[in-house]
Amino acid sequence: IEKLQNAKSYEVKEIGPSGEKTFTIDNYRALNSKHDMEKVIHEIATADTVTCAVGPNILKFIAEPIAKGIESRESSTPVAVIACENAIGATDNLKGFIMEKLSDDAKSKLNSKARFANSAVDRIVPIQDEDAGLNVKIEQFFEWCVESPPFEGNPPDIQGVHYVQDLQPYIERKLFTVNTGHATAAYYGHHRGIKYIHEVLENKELQEIVQNTLKETAHLICSKHDHISREEQQDYVQKIVTRISNPVLKDGVDRVGRAPLRKLSRKERFIGPAAHLAEMGAKYDYLLGGIEMALRFQNVEGDDESVELAKILKDNDANAATKKLTGLEETHPIFAKVSEVVAKVQKETA
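Take the sequence shown: its letter number 99 is residue 99 in full-length UniProt numbering, and every next letter is one higher.
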């Protein structure tokens, strides 16, 4: 934040199949709520839109200034609040944290002061060069879908947003294709000692594992959302595999694999689709393989969750560790198989 305050601009470089394009970002204000809480509250109180991309686990920490900003609003137009995180229902979660900080009076007037809309975001931002400073390198492709019903026919005019009536199919398609595929490549790559995602996908065996994993999630997506055809989903899968195979991004497997506890949780990219498929009586063998590789992502430098994962696996028996890591009930049809994988990893990494 201090660097942003001291600089008049920074550059964003888009990397695509046809080359690079650089944009200069200026005309911004950077405020730190730790030192300038009143100014942050004022900005939110007078804003049209509040977005965030801080990570699902950090939402609770930004709720207070947003809540105070909402309470201070005098405008007759509600502020649009959109959490742009790799998680299902992230804005709902943020709203829950904000509600805890609001007075009863503000809660009763909330609908006139703020509208909360969930979103699905998709863009790869790889690890940046050490000397990049404020400048950032991103992939050219992006998708930003936001649910429209909360705005009651008057959504904010934001360039690049695709407003949709029902967000669930878009969130699940993205999470169970982009994130599942990306994480599968990362965890298998880490296990094999491979450094970059594109190198994982250059390996024919690992490319097939990723493709077969995404066949399982494609079956789920097309079964649940009948307006998504199998041909359309297959085209989407191939587009995603091509994107994450881009060598120019130099996307590290440890960056993509970080935070394994979150990625192994109940509604996330492995357990979420595998549980659905099990309930349907469908196959989830390749997803189970991805779960095993995620469990092996332990004690990775710079990743606290990978250290905690190792501790959980060391301190608990297989069933207890499975419950703690995945949130699955013992009666769930996938529980026994996941517990077997947990036991296998515990034995081999002890």
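Quick reminder that beta carbons are idealized off the backbone N, C-alpha and C, glycines included.
Residue j and residue i - do their beta-carbons sit closer together than 9 Å?
i	j	result
L325	V300	no
R173	H225	yes
T177	A218	yes
V253	A186	yes
A321	E340	no
F151	D122	no
L175	E305	no
V125	W144	no
G193	I271	no
E11	N154	no
Y196	D235	no
Excluding the 5 residues preceding and the 5 following residue i in the sequence, name in chain order all residues of the same chain whose CB lies nearer than 6 Å to its CB.
i	result
I1	A30 and N32
R73	A45 and K113
L206	Y188 and V200
L295	V345
K95	F116
E85	P56
E329	none
Within its chain, find whatever has a CB closer than 8 Å to the CB of residue i; leave out the 5 residues flanking it on each side and keep chain order.
i	result
Y284	E216, P273, A274, L277, A278 and I334
P78	N111, S112, K113, A114 and R115
T213	T180, G181, T184, Y286, L287, G289 and G290
Where do the N-terminal and C-terminal ends of the beta strand (DSSP E) with residue i fall, by residue?
i	result
G16	Y10 to G16
F151	Careful: F151 lies outside any beta strand (DSSP E) and carries neither H nor E.
A83	V79 to A83
K34	Where K34 is concerned, there is no enclosing beta strand (DSSP E), given that its DSSP letter is neither H nor E.
K137	V136 to E139
T331	Unbroken run through T331: none, as it is neither H nor E.
G19	G19 to I25
Need the endpoints of the alpha helix (DSSP H) that residue i sits in, please.
i	result
F116	Note, F116: premise wrong, no alpha helix (DSSP H); beta strand (DSSP E) at A114 to F116.
V125	Unbroken run through V125: none, as it is neither H nor E.
I44	M37 to A45
K109	Run containing K109: none; DSSP gives neither H nor E here.
For residue i, which residues in the same chain have their Cβ closer than 7 Å to its Cβ, ignoring the five residues on either side in sequence?
i	result
S223	M280
F97	L59, K60 and A63
K337	L288
D26	K8 and S9
A53	C84 and E85
Thinking C-alpha only, which one of the options is nearest residue i?
i	options	result
I240	T184, Y286, L287 and I194	T184
E43	T22, F23 and K68	K68
E139	I158, I15 and R255	I15
A47	P156, M99, H35 and A53	P156
I171	E130, E152, N118 and T22	N118
G89	S229, K195, D166 and E232	D166
Write down every uninterrupted run of the alpha helix (DSSP H) in the region 159-193 whose length is 4 residues or greater and which is fully enclosed by it, in chain order.
168-174 and 180-191
Going residue by residue through the UniProt domain "Mannitol dehydrogenase C-terminal" (166-315), where are the continuous beta strand (DSSP E) segments of at least 3 residues, counting only ones entirely within it?
none
Jot down the residue ranges of each uninterrupted beta strand (DSSP E) in the region 50-100, minimum 3 residues, whole runs only, in chain order.
79-83
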